[in-house]
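The structure under discussion appears below in the form of structure tokens.
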Amino acid sequence: MAVFPQMRLRRLRRTDWMRRMVAETRLDVSDLVLTTIVSDAGPDRVDIPSLPGVQRLSIKALVEQAQQAADLGIPALALFPNISQNQKSEDAAEAANPKGLVPEAVRAIKKAVPNIGVIVDVALDPYTSHGHDGLMEGETILNDPTVAMLSKVGAMLAEAGADIVAPSDMMDGRIEAVRQGLDDAGHTDVAILSYAAKFASGFYGPYRDAIGTSAALKGDKRTYQMNPANIDVALREVEMDLAEGADMVMVKPGMPYLDVIAAIKAEFARPTFAFQVSGEYAMMKAAGANGWLDYDRIMMESLMSFKRAGCDGILTYAAIEVAEQLNKSG
Ligand code: PBG
């Protein structure tokens, strides 16, 4: 094997065309899933201070954004609701309301923009008065009653037209229950994207501001979301979710967990997604706004790292601006 000085690795880095020609990984608009926040109150667009560039949207504004995303070639969007305080309750009843904000938003998007995929979270946290992802008894998050409810919510969202449901609660056994709920209701073609390895993370802060759960949340989510110290358990979570019928799996947050993504892809070879969460996006935006880092460049670099780690796609708040950039340079 040739070694230096016969071999010089810099030969293939000399020019832009050469670097492009030998690139091992590519980022494409089809890799992006747009993360959106829909709100049931207030004006059409409301800025979110800790999530610069992202707005809470009315259903009307959301449909416009869905159209913009579809026009850019973004394959799908993920929908998260900001629910008014007076609709939240201990039992999260509003989560199962077939005339609620999310099902109405899904119907509106599917009608106006049929060529974009709609992914909806199946989770109770936007609807509970305490901000947790499960029903509570005292200080305890109840697993099985939560799972039973998620199963109903999943079927209701499929009925509204969701293409993919994404349980994000980290209860045990919920994938099987959601699959059963979908199948029993005749939605055998609706896919499940499981938040399989979701960590109890400090990076979710701005999202909780965006959906209005920061103030309400009592305690933390460490009894159901994963310990950031663990990777063996992440593989087990994925194994169980796949066995229960998940079509795709997700790791969340993204950038601090690239090792987890790479291990999952290597072990299971299934469609694997990362969620570049609110805190990842916010800190890049903040550094960019301060002139400390070049935002466009680090966003691209960060998204590329997900692809290199083995991701098939990335949920990101930056999907529209990134798609615009990719379409420009492509
Ligand atoms: C919970 C949920 C979370 C996010 C989406 N759904 C995390 C949490 O509040 O624990 C985070 C998304 C983000 O930070 O961008 N069902």
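FYI, the numbering for the sequence shown is 2 to 331, going by our numbering. Note that the Cβ used here is the ideal one computed from N, Cα and C, for glycine as well.
- Residue environment for K199: buried (at least 16 other C-beta atoms within 10 angstroms of its C-beta).
- Going by C-alpha positions, D233 is about 39 Å away from A3.
- By the neighbour-count criterion, in which a residue is buried when 16 or more other Cβ atoms sit within 10 angstroms of its Cβ, L194 is buried.
- Residue environment analysis places S306 among the buried positions, since at least 16 neighbouring C-beta atoms fall within 10 angstroms of its C-beta.
- The closest CA to that of I75, considering only T317, S51, V30, is found on V30.
- About 19 Å separates the CB atoms of S279 and Y225; that is not less than 8 Å, and the two are not in contact.
- In this structure, the CA atom of E91 is about 7 Å from the CA atom of L136.
- Counting every other CB atom within 10 Å of its CB across the protein chains shown gives K100 a total below 16, marking it as exposed.
- Using a 10 angstroms sphere on the CB of K219, the tally of other CB atoms stays under 16, which defines it as exposed.
- In this structure the region 173-185 does not lie against the region 44-63, because fewer than three pairs of beta carbons, one per stretch, are closer than 8 Å.
- Of the candidates G43, M301, G311, M301 places its Cα closest to the Cα of S330.
- Beta-bridge pairing by DSSP links Q56 to D48.
- Contact between the region 77-85 and the region 33-45 is present: 3 or more CB-CB pairs across the two stretches fall below 8 Å.
- In the displayed model, V114 falls within coil according to three-state DSSP, outside both helix and strand.
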